[in-house]
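Position one of the sequence shown corresponds to residue 77 (the numbering used here), numbered consecutively onward.
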Amino acid sequence: MSHTVFIDGDVGTTGLQIRQRLEGRTDITLIRLPEDKRKDVEARREALNSAEAVILCLPDEAAREAVSLISNPEVRVIDASTAHRTHPDWVYGFAEMTAEQRDLIAAAKRISNPGCYATGFIALARPLSEAGILPPFWPLTCNAVSGYSGGGKSMIAEFEKSMAEGGTDDAYRIYATGLNHKHLPEMTHYSGLESPPVFTPAVGRYAQGMIVEIPLQLWALPEEPELGRLFEIYDDYYAGETFVTVADFEETQALKALQPEMLNDTNHLRIHVFGDEAGQQARLVAVLDNLGKGASGAAVQNLNLALGLDETLSLI
Numbered sequence: 077m078s079h080t081v082f083i084d085g086d087v088g089t090t091g092l093q094i095r096q097r098l099e100g101r102t103d104i105t106l107i108r109l110p111e112d113k114r115k116d117v118e119a120r121r122e123a124l125n126s127a128e129a130v131i132l133c134l135p136d137e138a139a140r141e142a143v144s145l146i147s148n149p150e151v152r153v154i155d156a157s158t159a160h161r162t163h164p165d166w167v168y169g170f171a172e173m174t175a176e177q178r179d180l181i182a183a184a185k186r187i188s189n190p191g192c193y194a195t196g197f198i199a200l201a202r203p204l205s206e207a208g209i210l211p212p213f214w215p216l217t218c219n220a221v222s223g224y225s226g227g228g229k230s231m232i233a234e235f236e237k238s239m240a241e242g243g244t245d246d247a248y249r250i251y252a253t254g255l256n257h258k259h260l261p262e263m264t265h266y267s268g269l270e271s272p273p274v275f276t277p278a279v280g281r282y283a284q285g286m287i288v289e290i291p292l293q294l295w296a297l298p299e300e301p302e303l304g305r306l307f308e309i310y311d312d313y314y315a316g317e318t319f320v321t322v323a324d325f326e327e328t329q330a331l332k333a334l335q336p337e338m339l340n341d342t343n344h345l346r347i348h349v350f351g352d353e354a355g356q357q358a359r360l361v362a363v364l365d366n367l368g369k370g371a372s373g374a375a376v377q378n379l380n381l382a383l384g385l386d387e388t389l390s391l392i
């Protein structure tokens, strides 16, 4: 049986990677519009309503418009924009987030694909919140760095052009200095927090891959947990998962460095628990591909679940 899928916005960074992952599959038939019809409302309306599943790779307002064009109640929608990520009628598409999340995704007609930074942050914060280690009122900080592909076409062009062509020679750049990054609502909502973390994102001179980090003063937490306790919580929480795994605790303590490109072109997220036992401090780190588990990989995983297929299809 072949399932019909329409990717609205399949020429952008995320949409293109989703299409590349799905092309060649015998169980998927992609609906594609001719170049001159890509922005034609009626052509899009027909494609949106004739597909079994739709993946939206559009800016927020365009994603909302696309949803408004869908009248067929059987169409399943996966939205990769930020438009619906905390909407109560949409299921958050992070399959490993809770024990029941997969079933919710599989049953949903509306699925919001998580943000890349949010995926790393929630993967680190949610298990500790559920275990009672992080109280809802706790003032968290999140530090992160991503490849420039996370900034979309304009940032990709800026970093890949020469200075003479109007590009940049920046090696590293902080941004969202107004502390209002678009991922903050979902980071807060799905981590069990009452207030958003202080989020300090940055971009480096490399294409893709990211590190998301939460530093903790263990001595200040109500339970004053040991590092080994944090590892055990993560190890239990993600036991049996294919795409979210926890690095061996002893091996992690021996590591001197991590680099953000180690999981590029995969749908994997890897958690590391670093720290100083004597000083009661921890660095909780998630490594993932911002275009993989942080975007296109997660969308394909959600598509597989929504269509009742093996969730690992097209993913490594």
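We put the CB at the ideal spot given by N, CA and C, even for glycine. Remember, it's a predicted structure, so these values are computed and weren't measured experimentally.
Within 10 angstroms of the Cβ of residue i, are there 16 or more other Cβ atoms? Answer buried if so, exposed if not.
i	result
Gln335	exposed
Ile392	exposed
Met239	exposed
Ile287	buried
Leu381	buried
Ser222	buried
What are the boundary residues of the beta strand (DSSP E) that residue i is part of?
i	result
Met286	Met286 to Gln293
Cys133	Where Cys133 is concerned, there is no enclosing beta strand (DSSP E), given that its DSSP letter is neither H nor E.
Tyr25	Outside the shown range of the chain, which is 77 to 392, sits residue 25, and nothing can be said about it.
Among the options, which has the Cα closest to the Cα of residue i?
i	options	result
Val153	Ile250, Thr105 and Phe82	Phe82
Phe350	Asn340, Ala330, Leu367 and Thr342	Ala330
Ile187	Ile198, Ser157 and Arg120	Ser157
Ile146	Pro135, Glu122, Pro203 and Arg281	Glu122
Pro70	Cys218, Asp312, Lys369 and Phe197	Nothing can be reported for residue 70: it is not among the residues displayed for the chain, which extend from 77 to 392.
Thr244	Gly254, Tyr251, Phe235 and Ile250	Phe235
Glu270	Glu300, Val322, Trp214 and Asp324	Trp214
Arg114	Glu299, Val151, Gly88 and Asn148	Gly88
Does the distance from the CB of residue i to the CB of residue j come in under 8 angstroms?
i	j	result
Gln357	Leu294	yes
Ala278	Ala220	yes
Gln372	Ile94	Position check: residue 372 holds Ser in this sequence, whereas Gln was assumed. A contact, by the Cβ cut-off of 8 angstroms.
Leu345	Ala171	no
His265	Thr162	yes
Asn343	Gln284	no
Leu379	Ala129	yes
Ala323	Ile347	yes
Helix, strand or coil, according to DSSP, for residue i in the structure here?
i	result
Ile209	coil
Pro277	strand
Leu255	coil
Arg120	helix
Asp311	helix
Phe325	helix
Ile94	helix
Asp155	strand
Val395	Given that the chain is displayed from residue 77 to residue 392, the structure contains no residue 395 and the question cannot be resolved.
Ile198	helix
Ser126	helix
Gly223	strand
Is there a C-beta anywhere in chain B that falls below 8 angstroms from the one on residue i?
i	result
Asn219	The structure shown contains no chain B; it is built from a single protein chain.
With residue i as the anchor, note down where its alpha helix (DSSP H) starts and where it stops.
i	result
Asp103	Run containing Asp103: none; DSSP gives neither H nor E here.
Phe350	From DSSP, Phe350 is part of no alpha helix (DSSP H) but of the beta strand (DSSP E) over Leu345 to Asp352.
Asp179	Gln177 to Ala183
Asn380	Gly373 to Ala382
Thr264	Leu260 to His265
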